[in-house]
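Asks: Numbering (my numbering), first residue to last: 1232 to 1578.
Think of the CB as a built atom: it goes at the ideal place given N, C-alpha and C, for glycine as much as any other residue.
As the structure is a prediction and not an experimental result, all values here were calculated from the model.
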Ligand code: ZN
């Protein structure tokens, strides 16, 4: 990539209100059948347009065709009963009604390939595609079959690898695995969570990323953050092993979080997606604030490895807020690009 500081979103963007009820997770679709299929594509086209107009360098589908970043993949897999729900505590933090694993899991056909082909047909920009990571998938299900989180995660890793290879063939440039559970279950991450991710990226030629965050800006998460103290050092538990992994990019939350930025140094050699947009707040950051966060991050990561990003998905935010945040991300990165160009010509 020739452009310095390529910007992207962590994943989801809000859906239009005619597609599903806004400002809600797991919001049901408002349409059905062919009408829904057409509406999802229209939403994808709009979300791409918002990103392009905001100057976002690496575009995504904004998860417009997915009800939820984990369950939409899971509902396409054999071995999972979507009707048989269990309420379980997820992320060790809040109760959610989740589907049940009732037999051996497998993927009979591609899940997102048609969406990728459509997005690819609309743009020449680099495309980043998010998939849930194995540990986070396991943590968003009730397992009545394998009765082992590790075993199930490894099965999911094989399935994710099949999907990822087809997404790559359809034109995706970066495949990102979302692992919010990596900030909670440190022993599992280090025992088998990172190994499962490495299984998921086996044989891929495109770039690969892990997005690790403190979750959507929902109340259960903001309440949890209040218990984490004045310095959030969770990344310290997992970054050393992620640094040794084959993943190319690692994301972390920065703006408005209590993450000490020197933790970025634990990722030396990796490309770092620096969260410069808060998703737990409706106040739109100014481009100057975004630039300030990026300037701080540059103390710990080389400019050619800095990828400005949002802290997490923006699905639960009002659309107008998310749009403003996108624009500030694009404009904030541009401020730093200009500063770097001046420094370079002065040197
Ligand atoms: Zn996230």
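Measuring alpha carbon to alpha carbon, tell me which of 1468, 1457, 1471 ends up nearest residue 1488.
Replies: The residue labelled residue 1488 in the question sits at position 257 within the chain shown. It is 1457 whose Cα lies nearest to the Cα of residue 1488.
Asks: Excluding the five sequence neighbours on either side, which residues of its own chain have a C-beta within less than 6 Å of the C-beta of residue 1232, listed in chain order?
Replies: For the purposes of this step, residue 1232 is taken as the residue at position 1 of the chain shown. For residue 1232, the predicted structure reports a pLDDT of 49, less than 50, and the residue's modelled location is therefore unreliable. A value from the coordinates is still provided. Within the same chain, residue 1232 has no close Cβ partners at all.
Asks: Which residues bound the alpha helix (DSSP H) around residue 1346?
Replies: Against the chain shown, residue 1346 aligns to sequence position 115. Its alpha helix (DSSP H) spans residues 1344-1353.
Asks: How would you write the range of the beta strand (DSSP E) that residue 1309 sits in, first residue to last?
Replies: Mapped onto the chain shown, residue 1309 falls at position 78. Counted as a single uninterrupted DSSP element, the beta strand (DSSP E) harbouring residue 1309 occupies residues 1308-1321.
Asks: Just verifying my parser: in three-state terms, what is the DSSP assignment at residue 1414?
Replies: As a working note, residue 1414 is residue 183 in the chain shown. It is helical.
Asks: Which runs of the beta strand (DSSP E), 3 residues or longer, sit entirely within the segment 1404-1482?
Replies: 1405-1409, 1438-1442
Asks: Go through the segment 1491-1567 residue by residue and report every complete run of the beta strand (DSSP E) that reaches 3 residues or more, in order.
Replies: 1502-1506, 1537-1540
Asks: Consult DSSP for residue 1394 and reduce its assignment to one of helix, strand or coil.
Replies: For this step, residue 1394 is matched to residue 163 along the chain shown. The answer is helix: DSSP assigns residue 1394 an H, G or I state.
Asks: As a quick exercise: from 1240, 1490, 1370, 1304, pick the residue whose alpha carbon is nearest that of residue 1544.
Replies: Within the chain shown, numbered from 1, the residue matching residue 1544 stands at position 313. The shortest C-alpha separation from residue 1544 is found at 1240.
Asks: Could you tell me whether the Cβ atoms of residue 1405 and residue 1289 are closer together than 8 Å?
Replies: As a working mapping, residue 1405 is identified with position 174 in the chain shown. As a working mapping, residue 1289 is identified with position 58 in the chain shown. Yes, the Cβ-Cβ distance between residue 1405 and residue 1289 is below 8 Å.
Asks: Provide the residue(s) that pair with residue 1361 in DSSP beta bridges, ordered along the chain.
Replies: Here residue 1361 is taken as the residue at index 130 of the chain shown, counted from 1. Answer is 1407.
Asks: Give the range of the alpha helix (DSSP H) segment to which residue 1272 is assigned.
Replies: Start at 1 with the first residue of the chain shown, and residue 1272 comes out as number 41. 1264-1284 is the span of the alpha helix (DSSP H), which, as asked, contains residue 1272.
Asks: When DSSP builds the beta bridges, which residues end up paired with residue 1380?
Replies: Against the chain shown, residue 1380 aligns to sequence position 149. Partner residues in a beta bridge of residue 1380, as assigned by DSSP, do not exist.
Asks: Does DSSP put residue 1251 in a helix, in a strand, or in coil?
Replies: In the chain shown, the residue the question calls residue 1251 occupies position 20. If DSSP states are grouped into helix, strand and coil, residue 1251 belongs with the strands.
Asks: Tell me the DSSP secondary structure of residue 1331 in three-state form.
Replies: Indexing the chain shown from 1 puts residue 1331 at position 100. DSSP places residue 1331 within a strand segment (E or B) once states are collapsed to three.
Asks: Please report the straight-line C-alpha distance between residue 1400 and residue 1254, rounded to a whole angstrom.
Replies: Stepping through the chain shown from its first residue, residue 1400 is reached at position 169. Stepping through the chain shown from its first residue, residue 1254 is reached at position 23. Their backbone Cα atoms lie some 34 Å apart in a straight line.
Asks: Using the Cα positions of residue 1429 and residue 1577, report the straight-line distance between them to the nearest angstrom.
Replies: On the chain shown, residue 1429 is found 198 positions in, with the first residue counted as 1. On the chain shown, residue 1577 is found 346 positions in, with the first residue counted as 1. Computed Cα separation, rounded: 42 Å.
Asks: Taking only heavy atoms of ligand 1 into account, decide whether any of them is closer than 7 Å to the Cβ of residue 1253.
Replies: Counted from its first residue, the chain shown places residue 1253 at position 22. Not under cutoff, so the answer is no.
Asks: Looking only at DSSP bridge pairs, what is residue 1573 linked to?
Replies: Within the chain shown, residue 1573 is the residue found at index 342, counting from 1. None; residue 1573 has no bridge partner.
Asks: For residue 1316, count neighbouring Cβ atoms within 10 angstroms of its own Cβ and tell me buried if that reaches 16, exposed if not.
Replies: On the chain shown, residue 1316 is found 85 positions in, with the first residue counted as 1. Its Cβ having fewer than 16 others within 10 Å, residue 1316 is exposed.
Asks: If we count Cβ pairs, one from each stretch, closer than 8 Å, do we get three or more for the segment 1411-1430 versus the segment 1472-1482?
Replies: yes
Asks: Under three-state DSSP, which class holds residue 1389?
Replies: As a first step, residue 1389 must be located in the chain shown, where it is residue number 158. Helix at residue 1389.
Asks: Verify the contact flag: residue 1241, CB atom, against every heavy atom of ligand 1, threshold strictly below 7 Å.
Replies: Reading the chain shown from its first residue, position 10 is the one you call residue 1241. Under cutoff, so the answer is yes.
Asks: Which of helix, strand or coil does DSSP assign to residue 1232?
Replies: As a first step, residue 1232 is located in the chain shown; it is residue number 1 there, counting from the start. With a pLDDT of 49 at residue 1232, under the threshold of 50, the modelled position of this residue cannot be trusted; read the value that follows with caution. Reduced to three states, the DSSP call for residue 1232 is coil.
Asks: Taking the alpha carbon of residue 1247 as the point to measure from, which residue in 1436, 1516, 1326, 1274 has its own alpha carbon closest?
Replies: To locate residue 1247, count along the chain shown from 1; it is residue 16. It is 1274.
Asks: Rounded to the nearest angstrom, how far is the Cβ of residue 1341 from that of residue 1305, given a contact under 8 Å?
Replies: Here the question's residue 1341 lines up with position 110 in the chain shown. Here the question's residue 1305 lines up with position 74 in the chain shown. The pair is not a contact, with the Cβ atoms about 15 Å apart (cut-off 8 Å).
Asks: For residue 1478, which residues of its own chain have a beta-carbon under 6 Å away from its beta-carbon, when the five flanking residues on both sides are left out?
Replies: On the chain shown, position 247 is the one that residue 1478 refers to. Correct list, in chain order: 1439, 1441.
Asks: Identify, in the order they occur along the chain, each residue of the same chain with its Cβ nearer than 7 Å to the Cβ of residue 1268, setting aside the five sequence neighbours on each side.
Replies: Within the chain shown, residue 1268 is the residue found at index 37, counting from 1. Excluding sequence neighbours, residue 1268 sits near nothing in its chain.
Asks: Would you report the Cα separation of residue 1549 and residue 1258, rounded to the nearest angstrom?
Replies: Reading the chain shown from its first residue, position 318 is the one you call residue 1549. Reading the chain shown from its first residue, position 27 is the one you call residue 1258. Between residue 1549 and residue 1258, the C-alpha separation is close to 13 Å.
Asks: Please classify residue 1482 as buried or exposed, where buried requires at least 16 neighbouring CB atoms within 10 angstroms.
Replies: For the purposes of this step, residue 1482 is taken as the residue at position 251 of the chain shown. Looking at its Cβ environment, which holds 16 or more other Cβ atoms inside 10 Å, residue 1482 is buried.
Asks: With contact counted as at least three CB pairs below 8 Å, one residue from each stretch, are the segment 1339-1358 and the segment 1378-1388 in contact?
Replies: no
Asks: Thinking just about the alpha-carbon of each residue, which of 1333, 1318, 1332 is nearest to the one in residue 1326?
Replies: Translated into positions along the chain shown, residue 1326 becomes position 95. Of the listed residues, the one whose Cα sits closest to residue 1326 is 1318.
Asks: Mind checking whether the beta-carbon of residue 1485 lies closer than 7 Å to any heavy atom of ligand 1?
Replies: Here residue 1485 refers to the residue found at position 254 of the chain shown. Answer for residue 1485: no, Cβ out of range of ligand 1.
Asks: Looking at residue 1409: is its Cβ nearer than 8 Å to the Cβ of residue 1335?
Replies: Working through the chain shown from its first residue, we reach residue 1409 at position 178. Working through the chain shown from its first residue, we reach residue 1335 at position 104. Against a cut-off of 8 Å, the Cβ pair of residue 1335 and residue 1409 comes out as no contact.
Asks: Quick check on DSSP: helix, strand or coil for residue 1484?
Replies: Residue mapping note: residue 1484 aligns to position 253 of the chain shown, counting from 1. In the structure shown, residue 1484 sits in a strand (DSSP, three-state: E or B).
Asks: I think residue 1583 touches residue 1302, with their Cβ atoms under 8 Å apart; what is that distance to the nearest whole Å?
Replies: The requested residue 1583 does not occur in the structure, where the chain is confined to residues 1232 to 1578.
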